[in-house]
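Peer 1: Below is one structure. I have some questions about it.
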Amino acid sequence: MAQECIFCKIINGDIPATLLYEDDDILAFNDISPQAPTHMLVIPRKHITGPDALTEADQALIGKLVKLGTDLAAKAGLTDGFRLVMNNGESAGQTVFHLHMHVLGGRAMTWPPG
Ligand code: AMP
Ligand code: ZN
6 MAQECIFCKI
16 INGDIPATLL
26 YEDDDILAFN
36 DISPQAPTHM
46 LVIPRKHITG
56 PDALTEADQA
66 LIGKLVKLGT
76 DLAAKAGLTD
86 GFRLVMNNGE
96 SAGQTVFHLH
106 MHVLGGRAMT
116 WPPG
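Read in order, the letters of the sequence shown correspond to residues 6 to 119 in the numbering used here.
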C-alpha cells in the first residue's frame, strides 16, 4: 500500500469505485473518465508502480490480469473487438503509478494510438 496512491485507496475502500470483479489478487472497476463506451481497469492489489516494475515473481499475476480483462470484455459483449492497454511512464500517458490495464471497447479504434 502506497500512502498517496489513488488505486491503493480504492483497494482499501477509502475511495469509491464501481467494482466489477475482485478476488485475493486483483480487482476491476469502471474508469472514472471513460474514453470509450466500455472502459474498465484491471489492477493488482499489490502496489506495483507500472509494467517496468514487474518481476519474474509477478508473471502469474500479470497473466491473471490479462485473462480477467478478456473475460470482462466478453461479459461486456465486446464481440467486435476490444483493446487492452498498459501505459508505462509519463510520455506514454501513465498518470496513475499503480499498475493497471485498460479494457476499452464499444467503438471503432484507430491505430496508431495518439
Ligand atoms: P493511465 O493514464 O494509464 O495512468 O490511466 C489512469 C486511469 O485511471 C485514467 O483513465 C483515469 O481516468 C483513471 N482514474 C483515475 N482516478 C480514478 C478513480 N478514482 N476511479 C476510477 N478511475 C480512475
Ligand atoms: Zn497503489
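Glycine included, each C-beta is placed from N, C-alpha and C at the ideal position.
This structure is a prediction, so every number in the text was calculated from the model and none was measured.
#1: In three-state terms, what does DSSP make of F12?
#2: How is A155 classed by DSSP in three states: helix, strand or coil?
#3: Can you list, in chain order, the stretches of the beta strand (DSSP E) that have 3 or more residues and sit fully within the region 13-61?
#4: Quick check on L77: does DSSP put it in helix, strand or coil?
#5: Can you name the residues that DSSP bridges to A110?
Peer 2: Reading off the structure:
#1: Residue numbering aside, residue 12 sits at position 7 when the sequence shown is read from its first letter. F12 falls in the helix class under three-state DSSP.
#2: Nothing about residue 155 can be reported from this structure: the residues present for the chain run from 6 to 119 only.
#3: With a minimum length of 3 residues, the continuous beta strand (DSSP E) runs that stay inside the region 13-61 are 24-27, 31-35, 43-49.
#4: Working through the sequence shown from its first residue, we reach residue 77 at position 72. The answer is helix: DSSP assigns L77 an H, G or I state.
#5: What you label residue 110 is simply residue 105 of the sequence shown in a count that begins at 1. With the sequence shown as reference, residue 110 is identified as Gly, and Ala is not the correct amino acid for it. Answer is T43, F87.
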